[in-house]
Amino acid sequence: MRLLRRFWNRLRGTFTGRLRDAELAEEIESHLRMQTEDNLRLGMSPGAARRAAALKLGGVESTKELYRDQRGLPLLETIARDVRFGLRALGKERGVAAVCVLTLALAIGGNSAIFSAVNAVLLRPLRYPDAHQLVKVWETNPRANRWGDWASYPDFADWRRESRVFEDVAAFRGWSFRLTSGQYPEMLRGMRVSQSLFPVLRVTPMLGRSFLPEEDRPGQNQVAILGYGLWQRQFGSDPGLVGKTILIDEQPHMVVGIMPPGFGFPADIRGMPEPPDIWIPVGDDTDRGSHNYTVIARLKSDRTIQETGPEMERLAQIVARLDPGHRERGLAVAGLQERSVSEIRPALLILLGAILFVLLIACANVANLLLARGAVRQKEAALRQALGAGRARILKQWLTESVLLALLGGAAGLLVAFVGVRFLIRLGPTLPLLADTTIDPRVLVFTLLTALTTGVVFGMVPAFQALRVDVNEALKESGGRHAGSGRRSRIRSLLIVGEVALALMLLVGAGLLIRSFVHLRSIDMGFDDKKVLNAFLSVPPEAATDHDRTVGFFQDVIERVRAVPGVRDVAGASAVPLVSNESSPFRVEGRDGSDPDKTIVYAEQPKVTPSYFRTMGIRLMRGREFTWADTSTSQPVAIVSERLATAYWPEEDPIGKRLSIDDQQLRSVVGIVNDVRHDGRDSSVRPTIYIPLAQYS
Numbered sequence: 001m002r003l004l005r006r007f008w009n010r011l012r013g014t015f016t017g018r019l020r021d022a023e024l025a026e027e028i029e030s031h032l033r034m035q036t037e038d039n040l041r042l043g044m045s046p047g048a049a050r051r052a053a054a055l056k057l058g059g060v061e062s063t064k065e066l067y068r069d070q071r072g073l074p075l076l077e078t079i080a081r082d083v084r085f086g087l088r089a090l091g092k093e094r095g096v097a098a099v100c101v102l103t104l105a106l107a108i109g110g111n112s113a114i115f116s117a118v119n120a121v122l123l124r125p126l127r128y129p130d131a132h133q134l135v136k137v138w139e140t141n142p143r144a145n146r147w148g149d150w151a152s153y154p155d156f157a158d159w160r161r162e163s164r165v166f167e168d169v170a171a172f173r174g175w176s177f178r179l180t181s182g183q184y185p186e187m188l189r190g191m192r193v194s195q196s197l198f199p200v201l202r203v204t205p206m207l208g209r210s211f212l213p214e215e216d217r218p219g220q221n222q223v224a225i226l227g228y229g230l231w232q233r234q235f236g237s238d239p240g241l242v243g244k245t246i247l248i249d250e251q252p253h254m255v256v257g258i259m260p261p262g263f264g265f266p267a268d269i270r271g272m273p274e275p276p277d278i279w280i281p282v283g284d285d286t287d288r289g290s291h292n293y294t295v296i297a298r299l300k301s302d303r304t305i306q307e308t309g310p311e312m313e314r315l316a317q318i319v320a321r322l323d324p325g326h327r328e329r330g331l332a333v334a335g336l337q338e339r340s341v342s343e344i345r346p347a348l349l350i351l352l353g354a355i356l357f358v359l360l361i362a363c364a365n366v367a368n369l370l371l372a373r374g375a376v377r378q379k380e381a382a383l384r385q386a387l388g389a390g391r392a393r394i395l396k397q398w399l400t401e402s403v404l405l406a407l408l409g410g411a412a413g414l415l416v417a418f419v420g421v422r423f424l425i426r427l428g429p430t431l432p433l434l435a436d437t438t439i440d441p442r443v444l445v446f447t448l449l450t451a452l453t454t455g456v457v458f459g460m461v462p463a464f465q466a467l468r469v470d471v472n473e474a475l476k477e478s479g480g481r482h483a484g485s486g487r488r489s490r491i492r493s494l495l496i497v498g499e500v501a502l503a504l505m506l507l508v509g510a511g512l513l514i515r516s517f518v519h520l521r522s523i524d525m526g527f528d529d530k531k532v533l534n535a536f537l538s539v540p541p542e543a544a545t546d547h548d549r550t551v552g553f554f555q556d557v558i559e560r561v562r563a564v565p566g567v568r569d570v571a572g573a574s575a576v577p578l579v580s581n582e583s584s585p586f587r588v589e590g591r592d593g594s595d596p597d598k599t600i601v602y603a604e605q606p607k608v609t610p611s612y613f614r615t616m617g618i619r620l621m622r623g624r625e626f627t628w629a630d631t632s633t634s635q636p637v638a639i640v641s642e643r644l645a646t647a648y649w650p651e652e653d654p655i656g657k658r659l660s661i662d663d664q665q666l667r668s669v670v671g672i673v674n675d676v677r678h679d680g681r682d683s684s685v686r687p688t689i690y691i692p693l694a695q696y697s
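Residue 25 in our numbering sits at position 25 of the sequence shown; the count goes up by one each step and never skips.
Structure (structure tokens):
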């Protein structure tokens, strides 16, 4: 307790020094005055009495210094003096200081901005309770990773029922819904989910409740949970909406809950530009061949991901017994956040490494400036050594000035970081978790540590160089101009060489990046993406329940848009490349089932109107295009991509061959078109089956 009180008194004395100095001077003066009066009574002259009193006291200034050492914290006082001196020194050379601060602001700010993205995507946990327990589960195929991270709903149900290491398992898939009640009709971005999704995430609606187990059954899933944005814009934030019925796809659905603002799963882990508007239970999906669902799970509190290996093998064997088509497939599991950011992680780390190189170049630049400045101040250092200052004391003072420069650069760099973060968010709106990038306390600590480290790094070279001088030579008029000039030139040359080397490495990296970009641009997308515009269209409620009226509506819209000046062609589609996809399994006629991996496969299956291929610039290689005569009453037809035709009929004519989609009616192949990259230039080509929109109900 005594030590704590002593420390507190010293700390208080450090910050009240000027007031205490005045009190000390007054007290010492009173002691001197009393001792002088005693000496006068002894018969001394006034001068001798004053001098004798001062000698008896032990010296006025030495007494003050002794008291100051006991009163405050010498280290803090020394730092404060160094900071004040450093600010005065920088103020005398404002031009050099401004250039250094600007250089450091750009470098430190860039590092802080990139670290903010790394922090949001790789370091900060997901915004769900105990997010480290959330994992992603998917099916693997030793022959080909055909389904990516997807699974079928029956597979999910088996995993959930048989699992021993998971607290619970959930599945979800994207879906478009048509809202026909509310303030106006609207196509909604939605999700079909298992009842267990919200319990797995451990989130609850702001109003109402989550789904009940019985609501995930056929005929009982006419319930919905709305997103906060949809609740605001369509229903005026009416809290009484919970328990009421709205029309979704012309079917009544009871609203059972409203999610809080900011919740948008799975927009965060998928990098969706906009969060879902609505969540509706799956109810029933018995198609084991349709791999459309993402499956997540929550580990039991006493289990880790490393312990799930045997469990995944056991679950795979169970599913294989239930469905022989799964006998060669396995299961994989990974942390939800780790799996979601696996593709963006390398790019972020490379970007962080590149921006660290920029910081090193900035350090070399500032060190060069300070080295030139140190040559001017070399005589000052020699004079201070001649007066008794140690080299360590001078080094500390000069490093304080360097750290001050770095801290000023770091403070300005935060402004650069704020701008950089906004730019990054706008640059990659579809990257997972990037939208959560902010300047949080962790980023502030990173910026502070970066500034301090940077200050020491670029300050050491000029500080040590200035101290390596002969005091006698430096104090001479001519020596002050020339001492150590050759050594300084060599050091500056080394710094310049370092800058050039680092810059060359960055240039090589940039060159490789540009080459990759040029290569990507040269890849044929399979369609003309330069002058094609797309718009989402909602079918009017009066036409939505009648197939013929729906087709007539699209025909009317297409003809109206085609009449607009400047429009070359128009078409409609349920999914277009780079915007959305629509895929499901298909079966080729004549396969005997001996090879399940080729009997049922997964393909993109957009529903399109006539002139779609001309509008998109997709080449018809053989056969014919669709016409408005391809209706629900005519022969079912399909057009397939070149890859699918080559894979299944390499030695035969694909025209006239038949296939079925989702085990429905057989369709005759009437045309072959070139392959299309649906997900971008760096994506692989997937087999595609095009279906006439008028034949799809």
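All residues carry an ideal CB built from backbone N, CA and C; glycine is no exception. Since we're looking at a predicted model, the values are computed, not measured.
Give me the Cα-Cα distance between residue i and residue j, rounded to the nearest whole angstrom.
{"i": "Asp675", "j": "Ser340", "result": "28 Å"}
{"i": "Val169", "j": "Leu431", "result": "25 Å"}
{"i": "Ile425", "j": "Val135", "result": "26 Å"}
{"i": "Glu274", "j": "Met460", "result": "50 Å"}
{"i": "Gly309", "j": "Val333", "result": "8 Å"}
{"i": "Ser684", "j": "Gly428", "result": "21 Å"}
{"i": "Ala603", "j": "Ala647", "result": "12 Å"}
{"i": "Pro185", "j": "Tyr690", "result": "28 Å"}
{"i": "Glu652", "j": "Val608", "result": "26 Å"}
{"i": "Leu359", "j": "Asn365", "result": "10 Å"}
{"i": "Leu738", "j": "Thr437", "result": "This structure does not reach residue 738, given that the chain is present from 1 up to 697, and the question cannot be answered."}
{"i": "Arg233", "j": "Trp159", "result": "38 Å"}
{"i": "Asp268", "j": "Ile344", "result": "14 Å"}
{"i": "Leu533", "j": "Leu578", "result": "12 Å"}
{"i": "Arg88", "j": "Ala80", "result": "12 Å"}
{"i": "Arg393", "j": "Phe458", "result": "18 Å"}
{"i": "Glu699", "j": "Thr454", "result": "No statement about residue 699 is possible, as the shown extent of the chain runs from 1 to 697 and does not include it."}
{"i": "Thr688", "j": "Ser641", "result": "5 Å"}
{"i": "Leu179", "j": "Thr245", "result": "12 Å"}
{"i": "Arg568", "j": "Met616", "result": "11 Å"}
{"i": "Glu155", "j": "Glu311", "result": "What sits at residue 155 in the sequence shown is Asp, not Glu. The straight-line gap from Cα to Cα measures roughly 15 Å."}
Rounded C-beta distance between residue i and residue j? I'm assuming under 8 Å.
{"i": "Leu331", "j": "Leu315", "result": "6 Å"}
{"i": "Trp398", "j": "Ala463", "result": "4 Å"}
{"i": "Val203", "j": "Glu215", "result": "Rounded, the Cβ-Cβ distance is 17 Å, inconsistent with contact."}
{"i": "Phe423", "j": "Ile439", "result": "The pair is not a contact, with the Cβ atoms about 13 Å apart (cut-off 8 Å)."}
{"i": "Thr400", "j": "Val165", "result": "Their Cβ separation, rounded to whole angstroms, is 56 Å, which puts Thr400 and Val165 out of contact at 8 Å."}
{"i": "Val200", "j": "Ile350", "result": "Val200 to Ile350, Cβ: 33 Å. No contact."}
Leaving out five residues before and five after residue i in sequence, what residues of the same chain have Cβ atoms less than 8 Å from its Cβ?
{"i": "Leu666", "result": "Glu589, Pro636, Arg658, Leu659 and Ser660"}
{"i": "Val101", "result": "Leu405, Leu408, Gly409 and Ala412"}
{"i": "Gly208", "result": "Ile225, Val242, Gly243, Val255, Val256, Gly257 and Ile258"}
{"i": "Arg681", "result": "Leu520, Arg521, Ile523 and Met525"}
If the criterion is Cβ atoms closer than 8 Å, does the pair residue i and residue j meet it?
{"i": "Leu352", "j": "Val118", "result": "yes"}
{"i": "Phe172", "j": "Ser152", "result": "no"}
{"i": "Pro606", "j": "Glu582", "result": "yes"}
{"i": "Trp279", "j": "Ile258", "result": "no"}
{"i": "Val743", "j": "Phe613", "result": "What the structure shows of the chain is the stretch from 1 to 697, and residue 743 is not part of that stretch, so it cannot be assessed."}
{"i": "Asp277", "j": "Gly190", "result": "yes"}
{"i": "Thr103", "j": "Ala435", "result": "no"}
{"i": "Cys53", "j": "Thr36", "result": "According to the sequence shown, residue 53 is Ala rather than Cys. A contact, by the Cβ cut-off of 8 Å."}
{"i": "Ser433", "j": "Ala131", "result": "Correcting the residue type first, residue 433 is Leu in the shown sequence and not Ser. Not closer than 8 Å, so no."}
{"i": "Pro260", "j": "Tyr293", "result": "no"}
{"i": "Val576", "j": "Val570", "result": "no"}
{"i": "Ile655", "j": "Arg677", "result": "no"}
{"i": "Leu693", "j": "Phe586", "result": "no"}
{"i": "Leu698", "j": "Phe357", "result": "This structure cannot speak to residue 698, because the chain is shown only from 1 to 697."}
{"i": "Arg329", "j": "Thr140", "result": "yes"}
Excluding sequence positions up to five away, which residues of its chain have a Cβ less than 7 Å from the Cβ of residue i?
{"i": "Gln695", "result": "Asp630, Thr631, Ser632 and Pro636"}
{"i": "Gly671", "result": "Leu620, Arg622, Gly623, Arg624, Glu625 and Ile639"}
Looking only at DSSP bridge pairs, what is residue i linked to?
{"i": "Ile258", "result": "Leu207 and Leu226"}
{"i": "Gly190", "result": "Trp175 and Ile278"}
{"i": "Glu652", "result": "Bridge partners of Glu652: none, in fact."}
{"i": "Ser668", "result": "Val637 and Arg658"}
{"i": "Gly623", "result": "Gly671"}
Can you find the residues in the same chain that come closer than 6 Å, C-beta to C-beta, to residue i, ignoring five residues on each side of it along the sequence?
{"i": "Phe198", "result": "Ser210"}
{"i": "Ile355", "result": "Gly110, Asn111 and Ile114"}
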